[in-house]
Every structure is written in structure tokens, then in C-alpha cells.
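All remarks here apply to the structure that follows.
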Amino acid sequence: MEDNKKQGIVLQQWCALLSIFALISSSQSFDYGDALSKSLLYFESQRSGRLPYNQRVTWRHHSGLTDGLEQGVDLVGGYYDAGDNVKFGLPMAFTITMLSWGVIEYGGEMEEAGEYKHALEAIKWGTDYFIKAHTHPNVLWGEVGDGFTDHYCWQRPEDMTTSRQAYKVDENNPGSDIAGETAAAMAAAAIVFRKTNPHYSGLLLHHAQQLFELGDKYRGKYDESIEVVKGHYTSWSGYMDELLWAALWLYKATNNEDYLKYALNNAQAFGGTTWAIKEFSWDVKYAGVQIIASMLLKEEKHKQHMHILEQYRSKAEFYICACLDKNNVTNVQRTPGGLLYIRQWNNMQYVSNAAFLLTTYSDYLQATHQNLTCDKGQVGPQELLSFAKSQVDYILGSNPTAMSYLVGYGPKYPQRLHHRGASIESYKRNKGFIGCTEGYDSWYGMHDPNPNVLVGALVGGPDGNDGFRDERWNYMQTEACTYNTATLVGVLAKLDRLEGDYLSLNQPLIASS
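Residues in the sequence shown are numbered from 1 upward in steps of one, following the UniProt record's numbering.
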């Protein structure tokens, strides 16, 4: 009986593998490995601080070298979030959480592609900054610069003359959402570095635990304490999703049952098992929380918590089914070309995030030999992966405009990104100072392509009808953000491995002489 069961499982696995190979062989061919390499290169373009000797993006130079000086702290480093020169802590932390999750799930695939080292470098550039920004157990510096003064100027980061004031959260100025997300980022990164750099991993975990305690003990929205962030990265969803998110990542990093109990005991009160969501982003973490909680069910030790974890799973599968257009009522809208469409401004963030969550959940279903039950029927793991792949392929050029929305990939991609550094002659070519308004006068309005290619950037993307205007002023479509690309990295690594497996199985055998 046991042998029959094992044979059945093996047969299921082979059938699933064959269906995935059929998917790869029947669709338009893309070089996912090249896209992966370019995606990781992008993070070097967004670096703030003193650039290292092995910096590969040579049109960038040192910047923000006095960040934190006015406040008496060292806040040099980290990432600019998008096409401006502000360091926004919440989206930066989400970027690092998702890069880390990608490495946790697909680090082996990245290593095979020769990109593992670059992935770890991208994560560490962020976590090194978070260590600096967490200057006291109850103090986290959450922003450097502000969007309002920054947007008055069009300058390279190397020339910044705008305010570099820093803003913090603490006991008297709470910021549970930013503390929670930064705790999640450092806990996830601690898992990544556990084998290669155990001391650093331990340091990250120490900071993560303190930050979680700060966020949980002194509760409040960070945009009430750092008011200059409103209108840029307002925390619309509040902080409860981040506290659940951080607790689950700390549980994964420590195996400390207290963090799991936190996520279970607060599941209903914090919305984890009550919110049915059809988007996942730097602001709204519920779908990610629900999917991580669901995947705990594969371990025997979590069966005792099945009642609450199944409630989490119900909401996780609502999100997945909404992406697949398999709910009876509420689904994610799609463009005529098949792209998931949430909203006009920077829609691609929701697409790449969905592709990642569907890919990881597909792996979970595959590993546990399960199907997904949606209102409109059963869905197998290969269908989730197939749809995730269709979204990545749209990004890479399988769309009505035949344009790659991943900059630098393929023969046709956006040329006029809304990005200060990329749109102005590089510091390497012109070390002369370019002033605040000079950038607008000489560079912002020019119709020529940007002088510097922001390789690996995933732009905001097309509108609801697959239309796209490649204009610098069109920030809703031509601005790229770190968190757009962060979730794409893991999916590209997975698809690159699958494509490699398919090609190796289809190579003719060469007889040895």
C-alpha cells in the first residue's frame, strides 16, 4: 500500500513537471537569466552613500555623504526609493524583506545563475543602513530628505542641494508600521545570512527583535509622527498588518513560539483572518501575511493551530483566486493584453508582487500535493505558475506594444524614465555642478532618451488599455521603484531554472567516441 502511495506521488510530480515544460516550450521564449542579472544590477543604480570599489553601475558616484549630520547620527547609505533623492524607510524596508524572501525561496536558483552574491550584496546594502538607522532600542530613523523640497529640484543625487533633514520614530513619536516592516526585513535577512555570515545574521536578529518590541509597545502610524511622508508613502492600511508580518518573519527566523502565538492570538483583531484583499504592496501586507501563515500548515507541529491557520489560508486563497479571475464576485481587473491591473499609478508593483506570491504558493501546493479551491473550481499548482509566468512575460515584451517594461532588457524598452540621476549627464562625464533648476531647464524637458540607462528598473507600466507614453513627465508610467523589481528577482530565478531544466532535457545526447 505504501509503495503504491509513493508511486502515485512520483507520478504526480512528473505530470506537474511535464506540464511546466509544456508551458515553457509552448510560449514565447525569454532569457530569464539575463533579466535576473539586470534586475539585480538595478539596485546598484539606487545606492546612496559612498559607493564601493566593485560598483558596476559606473555612471553613479558617491552621494548623501552628510546624511544624518544635522541630527548627530550617521545615516549614510541605503537606497533612494525611485526617481527622486529621498530615502523613505518604509518602502526601503519592504524592498529588503522581499529581496530576502526571494533568496530564501530561490537562493539555489540564483546561485546556479551566478547571481547569488549580487543578491546578498543588494540585501546587505539595505540592512547595513537599517543597523545605522536603529540608533537606540526605541529609536528608528525613518526618512532622510523630504519629498516636497526634493521635488522642487531636478538634480543628480551627487549634486543635491535639497534638505537632508532626518526624521525618526520613538516612544513619543510612534511608528509601528515602519518599525514592524524594518523588523521583518532584518529577520528575513537574518535567515539569508545565517550560513554565510552567522555573526551578521545574529546582529540583524537582535535589531529585528528590538524593533518589533518598539512597534508593538508604542503603537501608532508612522505618518502621524513623520508628517512629511504624507502624500508620498502614507500608511493607508495602518500598522496591524506590519505587526503580524514582522511576528511571522521573526518566528521563521527564531522558531520562538511567542512570535507565532502573537500572529495567532491577534489574527482576528488585527485583520489577518478577516481582511480579504486583492493587492499586496509596500503598504498593504495582508496577502503576504496570509500566505506565509497558510504555508505553516505543511509542518506537522503546526497542526495544533489548524483552526486559525485555515482561516488565514482562506483569505490567502481569496487573493490567489482573485488574481486568477476565479472568484465569483471580486477579482483583479485585467488589461485587454492580460496584465493584472490594480490602479493607474505604478501598477507594475502589484503585478510583480502577485507573480511572486503566486509562484511561492504554487511551490507550496506542489510540495504538499494539493490543489487550490476557488469559487470557479479546482486549480492546480502549475496553473498558478503558468499565470505568474504570463505576467513576467508581459513585463519582458509579450504585450500589445511589444515593449519590455524592464529597462535594458530586449530590443525595445522605455527610454525617458522619470529619474533624476538617469536623465542627467553622469557625474563621471561631467563633474561640474548642476543646480536645482538647471536640471529642469536643461534635462527634464528634453525629448532625447536619458543619457544613462537604468538597467533592471521595472517602470510603472501601461494603463488599463495597455497604453504607454514614454515621457519623462509621465511619472505614473515611467518612474521605477526598488520594490517593483525586488519581487521580480525571485520569480526570474525560478523561471531561469525551469528553462534550464527544460533545455537540458531536450538536448540531444552526444555519444562518446
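A virtual CB, placed ideally from N, CA and C, is assigned to each residue, including glycine.
Counted within 10 angstroms of its Cβ, other Cβ atoms place residue i as buried (16 or more) or exposed
i	result
Ala-322	buried
Gly-108	exposed
Tyr-53	exposed
Gln-333	exposed
residue 558	The structure shown does not extend to residue 558, since the chain is modelled only from 1 through 513, so no value can be given for it.
Gln-382	buried
Thr-300	Per the sequence shown, residue 300 should be read as Glu rather than Thr. Exposed, because fewer than 16 other Cβ atoms sit within 10 Å of the Cβ of Glu-300.
Ala-422	buried
Gly-77	buried
Asn-265	exposed
Met-92	buried
Lys-168	buried
Trp-154	buried
Thr-359	buried
Gln-378	exposed
Lys-195	exposed
His-134	buried
Gln-344	exposed
Beta carbon of residue i nearer than 8 Å to that of residue j
i	j	result
Gly-64	Ile-96	no
His-419	Leu-454	yes
Tyr-350	Ser-281	yes
Asn-371	Gly-460	no
Phe-212	Ser-201	no
Gly-180	Glu-242	yes
Phe-43	Thr-482	yes
Val-228	Asp-146	yes
Lys-221	Asp-177	yes
Leu-51	Arg-60	yes
Ala-367	Lys-298	yes
Glu-158	His-62	yes
residue 575	Lys-315	Limits of the chain in this structure are 1 at one end and 513 at the other, which puts residue 575 out of reach.
Ile-342	Leu-384	no
Ala-486	Met-98	yes
Ile-104	Gly-175	no
Gly-435	Tyr-394	no
Beta-carbon separation (whole angstroms), residue i vs residue j, contact threshold 8 Å
i	j	result
Tyr-218	Glu-171	5 Å
Tyr-409	Arg-156	The pair is not a contact, with the Cβ atoms about 24 Å apart (cut-off 8 Å).
Ile-191	Lys-252	6 Å
Tyr-79	Ser-48	6 Å
Ser-39	Gly-397	Incorrect: roughly 15 Å between the Cβ atoms, too far for contact.
Asn-399	Asp-463	About 12 Å; that fails the 8 Å criterion.
Leu-324	Cys-374	7 Å
Pro-451	Gln-415	Wrong, their Cβ atoms sit about 10 Å apart, outside the cutoff.
Asp-67	Ala-166	7 Å
Leu-214	Pro-137	7 Å
Arg-56	Leu-75	Between Leu-75 and Arg-56 the Cβ distance is about 24 Å, and since that is not below 8 Å, they are no contact.
Leu-468	Thr-401	Residue 468 is actually Phe in this sequence, not Leu. Sure, about 6 Å apart at Cβ, within 8 Å.
Close-in-space but distant-in-sequence residues of the same chain around residue i (CB under 8 Å, 5 per side omitted)
i	result
Gln-304	none
Leu-36	Met-110, Ala-113, Glu-115, Val-489, Leu-492, Ala-493, Asp-496
Ile-9	In this predicted model, Ile-9 has a pLDDT of only 46, less than 50, meaning its place in the structure is not dependable enough to derive any value.
Residues of its chain near residue i, where Cβ-Cβ distance is below 7 Å and the 5 sequence neighbours each way are ignored
i	result
Asp-150	Asp-84, Asn-85, Val-86, Thr-162
Gln-209	Leu-250
Phe-94	Glu-181, Trp-282, Tyr-483
Ser-513	With a pLDDT of 27 at Ser-513, under the threshold of 50, the modelled position of that residue is not reliable, and no figure is offered here.
Leu-260	Tyr-251
Tyr-106	Gly-490, Ala-493, Lys-494
Close beta carbons around residue i, own chain, < 6 Å, minus the five adjacent residues each side
i	result
Gly-33	Ala-113, Asp-496
Gly-271	Met-240
Ala-355	Ala-388, Gln-391, Val-392, Val-491
Ala-263	Leu-244, Ala-247, Leu-248
Pro-508	Only weak support is given to the placement of Pro-508: the predicted model assigns it a pLDDT of 42, under 50, and the value that follows is read from those uncertain coordinates. Excluding residues within five positions, none has a Cβ falling inside 6 Å.
Ala-267	Thr-273, Ile-308
His-232	Gly-147
Thr-437	none
Asn-173	Ser-225
Glu-425	Pro-451
Closest Cα partner of residue i within the set the options
i	options	result
Gly-89	Leu-140, Arg-60, Tyr-42	Leu-140
Gly-72	Lys-132, Leu-120, Met-92	Lys-132
Ser-404	Thr-478, Ala-316, Glu-105, Phe-318	Thr-478
Tyr-440	Thr-485, Gly-432, Arg-472	Arg-472
Glu-279	Gly-380, Leu-340, Ser-235, His-232	Leu-340
Ala-119	Pro-411, Gly-102, Arg-56	Gly-102
Asp-128	Leu-205, Gln-311, Asn-474	Leu-205
Ser-352	Ala-402, Met-476, Leu-406, Thr-234	Leu-406
Ala-122	Ala-189, Glu-425, Pro-198	Ala-189
Gln-28	Leu-296, Asn-328, Leu-357, Ser-386	Ser-386
Asn-255	Ser-294, Ala-187, Gln-311	Ala-187
Leu-445	Arg-429, Leu-357, Asp-470	Sequence inspection shows Gly at residue 445; the Leu mentioned does not correspond to that position. Ranking the options by Cα distance to Gly-445, first place goes to Asp-470.
Ala-293	Thr-330, Lys-326, Tyr-364	Tyr-364
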